[in-house]
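Position one of the sequence shown corresponds to residue 1227 (the numbering used here), numbered consecutively onward.
The beta carbon of each residue, even a glycine, is placed where N, CA and C say it ideally should be.
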Amino acid sequence: MSWRSKGLPLAILAIFLIQISSPMIQFPPVDLEQNQPSAAQTVGFSSGSGHDLEGDIINIDGKNWTVRGESILDYWSHEVQNQSNIDSIDMVLTDIGIGYACSTNSTEVYFHTLNLDGTFDTLVVQNLGGEKTDSCAIGVTSEDRVQIAYGVDDDDNESTASHVRLARLAEKNAVYLERTWHIRTIAENVYDSGSESLNLKFDNDSRTHIFFRQTGTHGLHHLSFNKAFWNNTLLDEGPIGSDIEIAIDDENMFHIVYTIQAESNLSESEVRLLRFNETSESRQVLSRGLSISEAIGMDLDSNNIEQIAYSSSNSSSNTISLLRSLAGKDTGRIDPTPLSIITYDDDSVEGEVLSGDLNGDGIDDLVYTDPEGNGTISIHYGSANGLGDLPDRMIVGSFSDSNLGFGMAVGDFNCDGFDDLASSEPGLGINNSGYISIRLGSSSGITTQPWWEMTGSQDDNLGWSMTSLGDVESDGCDDLAIVADKLIEENEAQPTLSKNGLVMVLKGNSTAMIAHSNITQTDSGTMFGRQVAAGGDLNGDGYLDMVVSNTGTTDSPTGYSSVEFFMGEETGINSTPVKVHSVLNQGKLYGFEMSIVGDIQGDGFDDLLISELFASTTPYQTGKVHIWFGNESGLVTYDESSTIKGPFANARLGYTISPAGDINEDGYSDFFLMMPSASKSGTVNLYLGSENGVRSDVQLFAQGSAGENVGLNLLTGMDLNGDGMGDLLYSSRDLDQGDNFAPVLTIMSERDWENVDFEFLNKVEEIDLHTPQRGSPSLLVELSDSSLMLLENTPDGVSSAGRWDHRYITDVDSAVMGITDSGKPTILAIRSIMGTPKLVTMNVEGNTGLDFSLDTGTGVGKEMGTAMDANGMQRIGHFSPDYSSIFYTNEGEYGYSTSLVRSSIDILYPIKVHVDASDKTRMVYVDDDDNMVRLATLDGTWTEDTVLNTTVGNDFDSIWTFGGDLIFAQVAISNNSTYLQLVEYDGTNSSVENVVKANTTALFELELVSGNLVLSVLDGEYLRVYERGLSGGNWTVAHERWMLYNNQNIGNELVMKGGHAVFDFNNSDQGVLHRASDGNWSIESIDIPDSVTPIDFLVDSDRWHITSTEDSTGSNNLVWTTGSFSDSTITTTTKFTSVVTEHMAGMDLVDGDLVIAYSQSSTSDFSVIRIVTDTDRDLIPDTHDDLPNVGNQWEDSDSDGFGDNSLGPQADACVSDLASQSTTDSVV
């Protein structure tokens, strides 16, 4: 369907910073930076992984793009090597991607080198003559010394014990004129022939270690060479499985994972972990079960902690269980599976949410309020099993308008070791006086009757909010701040200068609360006590401090803002502020939200975050969060460099702020910031602390769809199930409940280990697990049906834990994998090709995804069309359904400008944009009111021609000829039948030609190919391609394909671009038609993905691309599928879980890069993803990478071929000295 895809914008759709204020507005030009050529730029990081670039901004072609986190945007290739009848393989891969491998074919042993340039070298190790072999293992020392171990049988009986033989490669030197193998048998009749259990490893002293399953008893055998002779050790009597995984860390600690196989169907198998060195040994059973099978995988992360996978299989399931340590990891530290989900009263606005140990059992309890009407306080007591779905206790307000729980605080106010509950109940007061009370905690929970209560004076509104100050003076009793929303001093001349609000500080005591001080404002603001931040020590003196803001609300933002700092001391909170910060401009809402979030930079002083919701920003109302750093003087300071700004217009970053504790356990405090956005979707991001302050690699914690208001409540610092892991809560709204919504509290948990189960349809035969520098393991899985799967964890823009991508590669007999330091995989496999086992290599060319926001939150950018002018500049037509208007955006030398074409119109199909020979822009669109085809021309101003109003079909397409005519295809009624018509319009007159009878549901595409008009049609039971000369003549059927039956055009797809037409006849017949230079059409069979929305299709030389959407998770996620015509072995599919769209995602090529445009349903944003080459797969695009073939090296200051990153491979010992490298410069 050409209207869905042709010329769809990509580089296109660059509607930069369009902001709509009315449907009739004339858009001013928006000038951007001058286009610049792509060039390498400096990218700096604090760690050794290029994946730290995720979320950062890089410049390409003069525009700033945000780096996406997906690490799986690959182009796979598959190459058959000249080795046949192979029966076993092994491989090691260096950190930069050079592969060393061995293979056997019964009577021969081979050594292979997989070079970085893609070449494949083979060297014969030994021709065994009458002996036989069926397995090999290879190892490479840190000095690049190669050794290969292999089993040898004296005869062809695989049941007998085998010898273990070792071959050492001597490179050419003064002694050896050729590469020579030194071969010796090191153990006889010990190896279990056929088990393929050989493993060869080197310790840090380059001493050889060989592990295998011994014959007969199937024990775990270890051969080690001590430079003089071979030691022979039985590590486990067994019987062990055939799969053994070994790693030796940089402290010469051996890590071995293996299985103990059950000797009967009634006994359990085990997964065991053995660690040992010269002085110590430990053994651990990781899992037991009746269904545990032999396939296992293991590797060490950067902290030398095992990442382990094991398999289980029974009659009903086949599973891989991954045990992944998260120690030292920044991501994945929050379990993506909720601990609890609590839904409360329909259509109730969110109240207060707090936690504390109300019954003294050592497990925190959850308390939340619904202050409407009577008002309720709901309590869920924590337990080892977590929270119940329903409250364990509810306290209900006394009257129908009591509003119990309008304010609430939790703390131990009577000093007995139980947390207590303070609450306000405005309806019990008289004349807006306000009423507050405290109910005590006890071993049985919260008591019914108040322990202490207080009523305010008339119009005090006492209890407008309440905050526990903690134990300020370290007397064992928590103190309490209560805000009274009362008028203190009226200024009739300037109402915004009136004084309003009082903070009452009460000290805890064993018998009753004690009045400490009443504090009113020092400087200007509309509500003193808008926020009270407490619970932290800003000056490091051991006493807790308090900060009070004075500002307005989003409904009434007028007036000044100020923030006052009050220090704690041995007598309690000092009522005289040590510092007052005033904001000179009105209406900025400085202090709308505040929180003391802990020690962000690890200097021993707690730090404060203050939001400025309506700060002066570009774009408009992005929101700002200011970081105030504590210090010993108490004069808390900040500077503008310590300010976080929202990412887009109306984001309102900082609407909610919450401490997060130390999520990644690096010693620095972290925090959450929420931004509601114009659509009220709600996004909560996690910001990590560091020695240098807030880190730039922001992690998504939670995100909602329009109206869900995710994150209005945030709560951390609790443990609701007593497991020692911190729990975290965010609120949202379920829009499917109640008349409007129901509030939902979702509770997540921190974690130190990730335990993930992967399900498969077939039994798991082999697992190959490797962990790159960034710490997320990759698993290569071979199943019993020969399918080869690659499992990788990738950031997804939805959860900080990312998602696991399951990628089918191809079918194999056997396979091994290695990965580089940056996680780029190389696979060596045995595949049966024409019945012969062949050796094949599979490699990836990495890509990095870049995001660019074209428009945010307005819904502008629908029904797009684009064209390029003679200078390669973009001309874009786009439509706004909300404003019933068509807009035009054109690219200039220094940026883009946007103007209104016309208003008061709705359109049937996406706009078609053309550029004529005089460089004038032409737009074609069909009016939804009268089906009129209209032609708009820009010649100084816009003019509009009406052409025809006869189109009645579901599809439409047009082209512009070199002669200056408009030609379009449509379905229209002629002689009481519907025909596919070709309409030619010369600016004055139109001529109509009936091409063929067609249904209104027919799909068709119109193109000008090699001087001919080409019209492809999918209708009824036929796919036909018609051709005709541009100047006229008869239509000929250039290609016809019978679909075997008529499906009434249900579930069909047809897209044609550049002489390629992809078609899908409701999954029964699909592929790509291609017009060759001789005019003949041929077909390539490819699988077209099922899609909820129309697909788009694009061909770039030998590679093809399809965009689609799938809704397996309940949302229409964008899916990108790619493959090559020359090798149909591997087709890769990538789902973008952060992109949800109800429209087709269009594609185009921009400077050789694939660009995908999409409309985000949840936010009404319009954005593009640019796929740029990242050869080494370290997330650093090749345009910005000095060493594009070396993963995790991107800068080479002295251009000597060695990288500046000391934590990456092939590191330069002296980054400024071309002639000096250390041994770390060698390939490892």
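Annotated as distal: Ser-2079 and Ala-2055, with beta-carbon spacing of 8 Å or more. Listed in chain order, the beta strand (DSSP E) elements of length 3 or more contained wholly in the segment 2348–2376 are 2358–2366 and 2372–2376. Distance from Asp-1705 to Trp-1690 at the Cβ level is roughly 18 Å; contact not present, criterion being Cβ atoms closer than 8 Å. Rounded to the nearest angstrom, the gap between the Cα atoms of Phe-1874 and Gly-1849 is 9 Å. A distance below 6 Å between beta-carbons, with the five flanking residues on each side excluded, links Thr-1459 to the following residues of its chain, in chain order: His-1448. Taking Met-2043 as the centre and dropping the five residues before and after it, the same chain places the C-beta of Asp-1994, Leu-2006, Pro-2051 and Ile-2053 closer than 6 Å to its C-beta, in chain order. Cys-2440: not part of any beta strand (DSSP E); DSSP gives it neither H nor E.
Within a 10 Å sphere around the beta-carbon of Val-2381 sit 16 or more other beta-carbons, which makes this residue buried.
Counting only runs that start and end inside the segment 1889–1960, the beta strand (DSSP E) elements of at least 3 residues fall at 1896–1901, 1909–1913, 1925–1929, 1940–1944 and 1953–1960.
Per DSSP, the unbroken beta strand (DSSP E) holding His-1408 starts and ends at 1406–1418. Assigned with DSSP and collapsed to three states, Asp-2408 falls in helix.
Sequence-distant partners of Gly-2434 (beyond 5 residues in either direction) whose C-beta falls short of 7 Å from its own C-beta, in its chain, are Gly-1274, Asp-2047, Asn-2418 and Gln-2419. Fewer than three beta-carbon pairs drawn from the segment 1501–1508 and the segment 1437–1451 are found closer than 8 Å, and the two stretches are therefore not classed as touching.
Burial check for Gln-1510: the Cβ neighbour count within 10 Å stays below 16, so the residue is exposed. Asp-1945 sits away from Met-1974, with the two beta carbons spaced by 8 Å or more. DSSP, read as helix, strand or coil, puts His-1277 in helix. In this chain, the beta strand (DSSP E) harbouring Tyr-2114 covers 2111–2117. In its chain, beyond the 5 residues on either side, Pro-1465, Gly-1467 and Ser-1495 have a beta carbon closer than 6 Å to the beta carbon of Gln-1487.
Judged by DSSP in its simplified three-state form, Thr-1545 adopts strand. Non-local C-beta neighbours of Val-2159 in its own chain, meaning closer than 6 Å and more than five positions away in sequence, comprise Val-2152, Val-2173 and Leu-2174, ordered along the chain. When C-alpha distances from Asp-1561 are compared across Tyr-2384, Ala-2093 and Asp-1978, the shortest belongs to Asp-1978. With fewer than 16 other CB atoms across the displayed protein chains lying within 10 angstroms of its CB, Tyr-2271 is exposed.
With contacts defined as CB atoms closer than 8 Å, Gly-1577 and Gly-1623 fail to qualify as a contacting pair.
Counting other Cβ atoms within 10 Å of its Cβ, Glu-1477 stays below 16 and is therefore classed as exposed.
In the three-state reduction of the DSSP assignment, Gly-1653 falls in the helix class, which pools H, G and I.
Excluding its 5 nearest sequence neighbours in each direction, Arg-2101 has C-beta neighbours in its own chain below 7 Å: Thr-2092, Ala-2093, Asp-2095, Asn-2116, Val-2139, Val-2141 and Thr-2147, listed in chain order. Sequence-distant partners of Ser-1931 (beyond 5 residues in either direction) whose C-beta falls short of 6 Å from its own C-beta, in its chain, are Ser-1907 and Ser-2388.
In this structure Lys-1733 touches Gly-1798 by the C-beta definition: roughly 6 Å separates them, less than 8 Å. Of Leu-1912, Asn-2238 and Ser-1528, the smallest CA-CA separation from Glu-1976 is found for Leu-1912. Distances from the CA of Val-1636 to each of Ala-1707, Asn-1529, Ser-1782 and Asp-1701 were compared; the closest alpha carbon is that of Ala-1707. With fewer than 16 other CB atoms across the displayed protein chains lying within 10 angstroms of its CB, Gln-2274 is exposed. Using a Cβ-Cβ distance cut-off of 8 Å, the segment 1562–1571 and the segment 1608–1617 are in contact, since at least three pairs of beta carbons, one from each stretch, lie closer than that value. Under DSSP, Tyr-1594 forms a beta bridge with Val-1579 and Ser-1604. The Cβ atoms of Ser-1310 and Asp-1360 lie no closer than 8 Å to each other. Rounded to the nearest whole angstrom, the CA to CA distance from Asp-1865 to Ile-1853 is 8 Å. The continuous beta strand (DSSP E) containing Leu-1446 extends over residues 1446–1451.
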